[in-house]
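Written below as structure tokens is the structure these notes are about.
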């Protein structure tokens with residue numbers, strides 16, 4: 417089974433949603449951030465709860481070289497990870513990186529966060545059908 421790693425800067429929104437959907441659809445997935453926040457974005461947690469996914473036990477995690485090495489595909493969320501990613505990690509990612517170029521849900525109204533959530537779910541479903 418392919419392993420997926422979803423990466424954004426804070427690991428508090430997009431990458432957390434992607435990991436939760438990936439696990440829902442039976443994929444082997446983790447998420448991490450280059451500069452993790454202290455907590456999950458509360459609006460993100462709320463919109464994921466609407467889909468029956470509880471992020472209350474999730475904690476933003478820092479990206480490591482080991483995580484990248486274990487992943488078959490690293491998916492960044494469109495957050496310029498390359499500008500904040502440590503050079504050794506970035507070098508490991510180059511071979512297997514895809515950028516989804518998604519808008520950051522941080523400080524967005526709940527309606528906008530739902531749109532971002534639904535787009536992430538659509539893309540993860542597509543991954544699950546090709547894995």
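Numbering (my numbering), first residue to last: 417 to 547. Even glycine gets a Cβ: it sits at the ideal position worked out from N, Cα and C. Bear in mind that the values here come from a model prediction, so they are computed numbers and not experimental data.
Here DSSP, grouped into helix, strand and coil, assigns residue 447 to strand. Taking a contact to require three or more Cβ pairs closer than 8 Å, the stretch 423–439 and the stretch 449–461 qualify as touching. With a beta-carbon spacing of about 12 Å, residue 437 and residue 532 fall beyond the 8 Å limit used to define contacts.
In the three-state reduction of the DSSP assignment, residue 454 falls in the coil class, being assigned neither a helical nor a strand state. Under DSSP, residue 484 forms no beta bridge with any residue. A straight line joining the alpha-carbon of residue 528 with that of residue 466 spans about 14 Å. Secondary structure of residue 423 (DSSP, three-state): strand. Assignment of residue 489 by DSSP, reduced to helix, strand and coil, places it in the strand class. Within the model, the alpha-carbon separation for residue 485 versus residue 421 is close to 10 Å.
Secondary structure note for residue 534: its alpha helix (DSSP H) is the uninterrupted segment 526–546.
In the DSSP assignment, residue 514 forms a beta bridge with 491. Note that the C-beta distance between residue 434 and residue 514 is not below 8 Å.
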